[in-house]
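Only one structure is covered here, and it is reproduced in the block below.
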Amino acid sequence: MTGAPRIALITGATQGLGLALAEGLAQRLAPDDTVYLTGRDLDRVNHAVESLPGGGARVRGELLDVADPHAAGRLAGRLAARHGGVDVVFGNAVMRVGPDDDPREIVTEYAEVNNFGTTRLLRAFAPLLRDGGRLVVVASSLGTLHYLAPILHDRFDGATSLDEVDAQVAAWRDAVADGSARGGPWPGFVNIPSKIGQVAAVRAFARERRGHDLAHGVLVAAVCPGMMNTPTSAEWWDVRGAPGPAEAAVPLLDLALGPVDPLHYGRLVRNGKVLPWSPYRDDSA
4 MTGAPRIALI TGATQGLGLA LAEGLAQRLA PDDTVYLTGR DLDRVNHAVE SLPGGGARVR
64 GELLDVADPH AAGRLAGRLA ARHGGVDVVF GNAVMRVGPD DDPREIVTEY AEVNNFGTTR
124 LLRAFAPLLR DGGRLVVVAS SLGTLHYLAP ILHDRFDGAT SLDEVDAQVA AWRDAVADGS
184 ARGGPWPGFV NIPSKIGQVA AVRAFARERR GHDLAHGVLV AAVCPGMMNT PTSAEWWDVR
244 GAPGPAEAAV PLLDLALGPV DPLHYGRLVR NGKVLPWSPY RDDSA
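Mapping of the sequence shown onto this note's numbering: residues 4 to 288, in sequence order.
So this is what it looks like as structure tokens:
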């Protein structure tokens, strides 16, 4: 990274892992650096900023609703004017889904936040990354083709642009919303196609930028924080033995602030190791 004060940004940072990432970045960065803690509710953003301990980098709150098609671009423009670029971006904004939610009723907003919010973030902030910068999308180990019916693999495996990934996500969203997904090969758990769409977006975006980014020490990657002990996860699984957000944030912070491993570029990483994208081939090396 450059010798100038470093600029970091986290989406979905008012609670849980996002808040832990904001605190971890603030503690690891220098007093001249700035961490932008963002969320879609200004009161919650301000409360989150006030809840963090002092020391380390300055933490500033910013309103960012990734479901707004223009919000990421507006914020990127403001940060470019203030700082000239950014050094670390964590895409962590997520709409949570519970066991009692009807997928048909929530899928439109779910895809808007989790998937189109991710691709908007990539488009808006990747151009601002300075030499040595990091853009990390928080995803899941569910975001691999292992969890998708083989007949659907080509929809995401062959995507070569963010526009193509968005089109496939939109087709899945519409199939869930109109009920036709129920009689087809799509998994019933909406988190699986959504996470696969996030990882596919990182992979497609990275193909376009790999040569330039690696020459400039830039890392674009997806990351799996693993199972966490949070109220949302507890609705689905027994997470009593799982780490909390602060512990889960450590390997993500290591990835964002440590040296670039070219093997991580454009891949899904968990605890420093690449998770294979396809069950039929290993592209982790």
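We put the beta carbon where it would ideally sit given N, CA and C, even for glycine.
Assuming Asn274 and Gln201 make a contact with CB atoms under 8 Å, what is their CB distance in whole Å? One-based indexing of the sequence shown puts residue 274 at position 271. One-based indexing of the sequence shown puts residue 201 at position 198. Actually they are not in contact, since the Cβ atoms of Asn274 and Gln201 sit about 18 Å apart, beyond 8 Å.
Beta-carbon gap between Val140 and Val205 smaller than 8 Å: For the purposes of this step, residue 140 is taken as the residue at position 137 of the sequence shown. For the purposes of this step, residue 205 is taken as the residue at position 202 of the sequence shown. Yes, the Cβ-Cβ distance between Val140 and Val205 is below 8 Å.
Does the segment 218-227 touch the segment 158-168, meaning 3 or more C-beta pairs lie closer than 8 Å? no
3 or more residues per run - each beta strand (DSSP E) lying fully within the segment 24-87: 37-42 and 61-66
Excluding the five sequence neighbours on either side, which residues of its own chain have a C-beta within less than 6 Å of the C-beta of Arg158, listed in chain order? Counting from 1 along the sequence shown, the entry for residue 158 is found at position 155. The answer, listed in chain order, is Gln171.
Taking Gly214 as part of the alpha helix (DSSP H), name the residues at either end of that continuous run. One-based indexing of the sequence shown puts residue 214 at position 211. Here the alpha helix (DSSP H) through Gly214 covers Asn194 to Ala218.
CB contact flag (Val69, Thr111, <8 Å): Here residue 69 corresponds to residue number 66 of the sequence shown, with the count starting at 1. Here residue 111 corresponds to residue number 108 of the sequence shown, with the count starting at 1. Contact: no.
At the level of alpha carbons, what is the spacing between Leu2 and Leu20? Residue 2 lies beyond the residue range present for the chain, which begins at 4 and ends at 288; the question has no answer from this structure.
Any beta-carbon of chain B closer than 8 Å to the one on Asp90? Within the model displayed, chain B is absent; a lone protein chain is all it includes.
Which of helix, strand or coil does DSSP assign to Ser281? As a position in the sequence shown, residue 281 is number 278, starting the count at 1. Strand.
Just mark Glu26 as buried or exposed, buried being the case when its beta carbon has 16 or more other beta carbons within 10 Å. For the purposes of this step, residue 26 is taken as the residue at position 23 of the sequence shown. By the 10 Å Cβ count, Glu26 comes out buried.
Arg107 by DSSP, collapsed to three states: which one? Start at 1 with the first residue of the sequence shown, and residue 107 comes out as number 104. Arg107: helix per DSSP, three-state reduction.
Skipping 5 residues on each side, what residues in its chain have a beta carbon closer than 6 Å to that of Ala259? Here residue 259 corresponds to residue number 256 of the sequence shown, with the count starting at 1. Once the five neighbours on either side are set aside, the close Cβ partners of Ala259 are Val91, Arg137 and Val139.
Bounding residues of the beta strand (DSSP E) (the contiguous stretch that carries Asp134): For the purposes of this step, residue 134 is taken as residue 131 along the sequence shown, with counting starting at 1. Taken as a continuous stretch (DSSP letters only), the beta strand (DSSP E) holding Asp134 covers Leu132 to Val141.
Comparing alpha-carbon positions, which option in Leu67, Arg47 and Ala249 lies nearest Thr17? The count along the sequence shown starts at 1 and reaches residue 17 at position 14. When only C-alpha atoms are compared, the closest one is Arg47.
Buried or exposed: which applies to Ala288, given that a residue is buried once 16 or more other Cβ atoms fall within 10 Å of its Cβ? Counting from one through the sequence shown, the residue named residue 288 turns up at place 285. Summary for Ala288: the model assigns pLDDT 46, below 50, so the residue's position carries little reliability; its value from the coordinates is reported in the next sentence. Exposed is the call here.
With distances taken from CA atoms, which of Thr121, Leu256 and Ala84 is nearest Ala131? Mapped onto the sequence shown, residue 131 falls at position 128. The question names Ala, but residue 131 in the sequence shown is Leu. It is Ala84 whose Cα lies nearest to the Cα of Leu131.
Helix, strand or coil at Met4 according to DSSP, with G and I counted as helix: Position 1 of the sequence shown holds residue 4. Because the pLDDT of Met4 is 48, which lies under 50, any placement of that residue in the model is unreliable, and the number read from its coordinates should be weighed accordingly. Looking at Met4 - three-state DSSP - the assignment turns out to be coil, as it is neither helix nor strand.
Based on the DSSP output, what are the partners of Leu12 in its beta bridges? Here residue 12 corresponds to residue number 9 of the sequence shown, with the count starting at 1. Paired residue(s): Tyr39 and Val92.
Between the beta-carbon of Arg133 and the beta-carbon of Gly88, is there less than 8 Å? As a position in the sequence shown, residue 133 is number 130, starting the count at 1. As a position in the sequence shown, residue 88 is number 85, starting the count at 1. For Arg133 and Gly88, yes; Cβs fall inside 8 Å.
According to DSSP, is Arg273 part of a helix, a strand, or is it coil? Your numbering for residue 273 matches position 270 in the sequence shown. Correct three-state label for Arg273: strand.
Spell out the partners DSSP gives Leu222 in its beta bridges. One-based indexing of the sequence shown puts residue 222 at position 219. Note: Leu222 sits in a beta bridge opposite Arg137.
DSSP state of Val263 mapped onto helix, strand, coil: On the sequence shown, residue 263 is found 260 positions in, with the first residue counted as 1. The answer is coil: DSSP assigns Val263 none of H, G, I, E or B.
Ala74 versus Phe128: straight-line alpha-carbon distance, rounded: Translated into the one-based positions of the sequence shown, residue 74 becomes position 71. Translated into the one-based positions of the sequence shown, residue 128 becomes position 125. Each residue's Cα considered, the two are about 12 Å apart.
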